[in-house]
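Chains as they are written, first to last, in my numbering: chain A, 8 to 319; chain B, 1376 to 1668.
No residue lacks a Cβ here, since even glycine has one placed at the ideal position from N, Cα and C.
Bear in mind that the values here come from a model prediction, so they are computed numbers and not experimental data.
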Amino acid sequence: MTIKKRRRRADVAFTAVAVIAAFLFLMPTVLTIANSFMTSSEIAANYGAMFGNMTEDKKVFISENVNLKFIPDKVTLAQYKAVLLKSPDYLMKFWNSVILTVPITFFQLLVAVFASYGFARSKGKIKAVIFFSYIILMLMPYQVTLVPNFLVADFIKTAVTNIFYPDGAIPNGLANMRWAVILPGIFSPFSIFLLTKAMKRIPIAYTEAARLDGAGELQILFRIYLPLCRGALVSVAMLVFIDFWNMVEQPLILMKDANYHPLSVFLSQINTGDVGLAFAVGTVYMVPTILMFLYGEDDLVEGITYSGGIKG
Amino acid sequence: MKRSNDPCGKRRERIASDLCILPSLLGVLIFFLIPFGIVVYYSLISNPVTKQFVGIENYTKLFSNNAFITAVKHTALFSVISVPLAVVLSMALAVMLERNIPGKSAFRTFFLSPLMVPTASVVLVWQVLFHNHGTINQIIEHFGGSGPDWLKSNAGQVVIILMFLWKNLGYNMILFMAALAGIPRDIIEVAELEGAGRIYQFFHIKLRYLSPTIVFVTILSMINSFKIFREVYLLTGDHPFELYMLQHFMNNTFASLDYQKLSAAAVIFAAVMIVIIAVLLISESIFGKDVEN
Chain A
8 MTIKKRRRRA
18 DVAFTAVAVI
28 AAFLFLMPTV
38 LTIANSFMTS
48 SEIAANYGAM
58 FGNMTEDKKV
68 FISENVNLKF
78 IPDKVTLAQY
88 KAVLLKSPDY
98 LMKFWNSVIL
108 TVPITFFQLL
118 VAVFASYGFA
128 RSKGKIKAVI
138 FFSYIILMLM
148 PYQVTLVPNF
158 LVADFIKTAV
168 TNIFYPDGAI
178 PNGLANMRWA
188 VILPGIFSPF
198 SIFLLTKAMK
208 RIPIAYTEAA
218 RLDGAGELQI
228 LFRIYLPLCR
238 GALVSVAMLV
248 FIDFWNMVEQ
258 PLILMKDANY
268 HPLSVFLSQI
278 NTGDVGLAFA
288 VGTVYMVPTI
298 LMFLYGEDDL
308 VEGITYSGGI
318 KG
Chain B
1376 MKRSNDPCGK
1386 RRERIASDLC
1396 ILPSLLGVLI
1406 FFLIPFGIVV
1416 YYSLISNPVT
1426 KQFVGIENYT
1436 KLFSNNAFIT
1446 AVKHTALFSV
1456 ISVPLAVVLS
1466 MALAVMLERN
1476 IPGKSAFRTF
1486 FLSPLMVPTA
1496 SVVLVWQVLF
1506 HNHGTINQII
1516 EHFGGSGPDW
1526 LKSNAGQVVI
1536 ILMFLWKNLG
1546 YNMILFMAAL
1556 AGIPRDIIEV
1566 AELEGAGRIY
1576 QFFHIKLRYL
1586 SPTIVFVTIL
1596 SMINSFKIFR
1606 EVYLLTGDHP
1616 FELYMLQHFM
1626 NNTFASLDYQ
1636 KLSAAAVIFA
1646 AVMIVIIAVL
1656 LISESIFGKD
1666 VEN
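Put into structure tokens, the structure is as follows:
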């Protein structure tokens, strides 16, 4: 057997493995979307066994086994109608996710654009130390950072209440603790790490040329640096957005009132109740991030590539 | 116009760079570094009211706390198994996509897609698959075996490892693909001319160039492995049977407002992380030296 033949055979084997892997990677997402078009009785029949709280008359139709189905018997939009029109609770929780995630993403990027420019342009020792401490902070898990976050939130709440609302009647905006999740999120150093690495790749000659033409620092940042690292910016925006769209730990600890919890936390509770709606809610919840992915996949890949390696 | 006069220009540049960093630095100080100092302080006192210094008593108490020990064990077991798998499997995917297979970019999209799917959206599918009477157990029974009650036994570790890999392999794969693409072509060509097979090439040449990426992916996977609470919470809720993780311990301690216990746990965790990261970075600088020049 020649080497060429052997290689071709190996490629066929690799393709087969890739197809199987692709099936496994896509399955949870595709199944969720497919099942969101089922009728609620079909869902009860297939998945009822998972949940002990079905009424007696329904139990007759429920098999003991849980049946995973790829294709609904009858395609219907009834679940979506129920989610979007009849159950304002889900829309409220969706809105909770938006109002937490969008400000965090926007302001984290804003802070990061300036800070990364500062880090990328400087060669000072002190700044190198600061940048390294950012990396360490970035690598700290929630189990570490949430304790300081909690202390600060508690301190701010007590201080503001004592100074401005000594009678204890604090406004909703302070009591709902959204800010306690949003503020640390804004200063989380992940996007600075990635953007600094992207900006360091920009040749210093560009800056010098711009300066000779009389450009100020802000102009250099907005006219040269930002356009040149557009891919990294899009990528960071996507990664930060999905990270907070997916959040569970922070709201559980920092927000006591479950009414303000994002859908990412709330979904775990409907799963045991309204099983008929859970697939549709799950699908609605993944629409924003899937659209971002389809639109910006190439930028995302470019940005992830920049993130590789602690050094340089 | 003498503005391009060197010392003056440099100074302006430095001030601009300082000003750019300032907002971020203030935020990090206020929300992370200063309160972490307070956390360290809290871990050394008896309680926030009397503020009596007790040395390492909070730490020793923590190590005799059963819930903490269980949580550490479960979390460590999960990380020790899932991190190496995340490194090796994502490298395998990257190597696979380096081969001559059709539809490469589609495969890349498929493998990366779980990164952008919220865990909460798909958790129901995982529950259906691994329910006691669920799909996986039906398949096992079909072949005459009997599967465990996945989500209510030790086997739960398998489920969360799979969920972890599902979500994280794509990101790691992209990092390895970039590293593979960065290996100088001439070295590979020379090796091929001298008759080195693909497997020899991989283990003796490519792997050395990949070593910085391996270290980085290891660190990244470890960090992500500590986020597995998300999956566990969504799958099994507040008090899982066999998957009581470190974050559960933290949450329950938050609920009881035991600052001393919390602070000691956070400090220990931070110290362990810094040691692990330092070891990985040092080992990278030792092993990676010969390829960097």
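Apply the 10 Å Cβ neighbour rule to residue i and answer buried if 16 or more other Cβ atoms are within range, or exposed otherwise.
i, result
"residue 306(A)", "buried"
"residue 1438(B)", "exposed"
"residue 92(A)", "exposed"
"residue 1441(B)", "exposed"
"residue 1682(B)", "As shown, chain B starts at 1376 and ends at 1668. That puts residue 1682(B) outside it, with no answer to give."
"residue 204(A)", "buried"
"residue 224(A)", "buried"
"residue 1392(B)", "buried"
"residue 1606(B)", "buried"
"residue 86(A)", "buried"
"residue 1547(B)", "buried"
"residue 1668(B)", "With a pLDDT of only 39 at residue 1668(B), under 50, the local geometry of the prediction cannot be trusted, and no value is derived from it."
"residue 179(A)", "exposed"
"residue 97(A)", "buried"
"residue 68(A)", "At residue 68(A) the pLDDT is 46, less than 50, meaning the model places this residue with poor confidence; the figure from the coordinates comes in the next sentence. Classification for residue 68(A): exposed."
"residue 99(A)", "exposed"
"residue 103(A)", "buried"
"residue 1521(B)", "exposed"
"residue 270(A)", "buried"
"residue 1496(B)", "buried"
Kindly give me the distance between the Cβ atoms of residue i and residue j, rounded to whole angstroms, as I take these residues to be in contact under 8 Å.
i, j, result
"residue 1587(B)", "residue 1659(B)", "6 Å"
"residue 311(A)", "residue 1549(B)", "4 Å"
"residue 1489(B)", "residue 1541(B)", "5 Å"
"residue 154(A)", "residue 1528(B)", "So it is not a contact: roughly 31 Å between Cβ atoms."
"residue 196(A)", "residue 141(A)", "4 Å"
"residue 320(A)", "residue 107(A)", "Past the edges of chain A, shown from 8 to 319, lies residue 320(A), and the structure says nothing about it."
"residue 297(A)", "residue 1471(B)", "Rounded, the Cβ-Cβ distance is 24 Å, inconsistent with contact."
"residue 1554(B)", "residue 1585(B)", "5 Å"
What are the boundary residues of the alpha helix (DSSP H) that includes residue i?
i, result
"residue 1501(B)", "1494-1505"
"residue 1543(B)", "1531-1556"
"residue 100(A)", "95-128"
"residue 1608(B)", "1604-1611"
"residue 230(A)", "That residue, residue 230(A), is in no alpha helix (DSSP H); it is neither H nor E in DSSP."
"residue 219(A)", "211-219"
"residue 1425(B)", "Neither: residue 1425(B) is in no alpha helix (DSSP H) and is coded neither H nor E."
"residue 252(A)", "237-252"
"residue 1434(B)", "1432-1438"
"residue 174(A)", "Neither: residue 174(A) is in no alpha helix (DSSP H) and is coded neither H nor E."
"residue 1456(B)", "1441-1473"
"residue 1579(B)", "Where residue 1579(B) is concerned, there is no enclosing alpha helix (DSSP H), given that its DSSP letter is neither H nor E."
"residue 258(A)", "256-261"
"residue 1617(B)", "Premise fails: residue 1617(B) is in no alpha helix (DSSP H) and is neither H nor E."
"residue 186(A)", "185-193"
Identify, in the order they occur along the chain, each residue of the same chain with its Cβ nearer than 6 Å to the Cβ of residue i, setting aside the five sequence neighbours on each side.
i, result
"residue 114(A)", "193"
"residue 1507(B)", "1524"
"residue 123(A)", "199, 202, 203 and 206"
"residue 1450(B)", "1620 and 1621"
"residue 1576(B)", "1566"
"residue 286(A)", "39, 42 and 43"
"residue 119(A)", "198, 199 and 202"
Can we count residue i as close to the ligand MN, meaning its CB is less than 7 Å from some heavy atom?
i, result
"residue 1544(B)", "Absence of the ligand MN is noted for the structure shown, with no ligands found whatsoever."
Under 8 Å Cβ to Cβ from residue i, same chain only, skipping five residues before and after it: list those, please.
i, result
"residue 54(A)", "73, 74 and 282"
"residue 1422(B)", "1634 and 1635"
Keeping to the same chain, check which residues put their C-beta closer than 7 Å to that of residue i; ignore five residues upstream and five downstream.
i, result
"residue 157(A)", "260 and 261"
"residue 1458(B)", "1593, 1596, 1597 and 1600"
"residue 25(A)", "none"
"residue 1626(B)", "none"
"residue 1641(B)", "1414"
"residue 60(A)", "Summary for residue 60(A): the model assigns pLDDT 46, below 50, so the residue's position carries little reliability; its value from the coordinates is reported in the next sentence. So the list is empty, once near-sequence residues are dropped."
"residue 1429(B)", "1419, 1420 and 1421"
"residue 1427(B)", "1420 and 1421"
"residue 1538(B)", "1501 and 1606"
Residues of the stretch 1555-1583 of chain B whose Cβ lies closer than 7 Å to any Cβ of chain A, in chain order: none
Please list the residues of the stretch 16-29 of chain A that have a C-beta atom closer than 8 Å to any C-beta atom in chain B, keeping them in chain order. Along the stretch 16-29 of chain A, going in chain order, the ones with a CB nearer than 8 Å to a CB of chain B are 17, 18, 21, 22, 24, 25, 28 and 29.
Under 8 Å (Cβ pairs) to chain A, residues found in the stretch 1497-1523 of chain B: 1497, 1498, 1499, 1500, 1501, 1502, 1503, 1504, 1506, 1508, 1509, 1510 and 1513
Check each residue of the stretch 184-199 of chain A: if its Cβ is closer than 7 Å to any Cβ of chain B, include it; give the result in chain order. 190, 191, 193, 194, 196 and 199
Select from the stretch 1473-1484 of chain B all residues with a C-beta closer than 7 Å to any C-beta belonging to chain A, and list them in chain order. Sequence-ordered contacts of the stretch 1473-1484 of chain B with chain A read 1474, 1475, 1476, 1477, 1482 and 1484 [C-beta pairs closer than 7 Å].
If you measure beta-carbon to beta-carbon, which residues of the stretch 1419-1444 of chain B are closer than 7 Å to chain A? none
According to a CB-to-CB cut-off of less than 7 Å, which residues of the stretch 93-107 of chain A neighbour chain B? none
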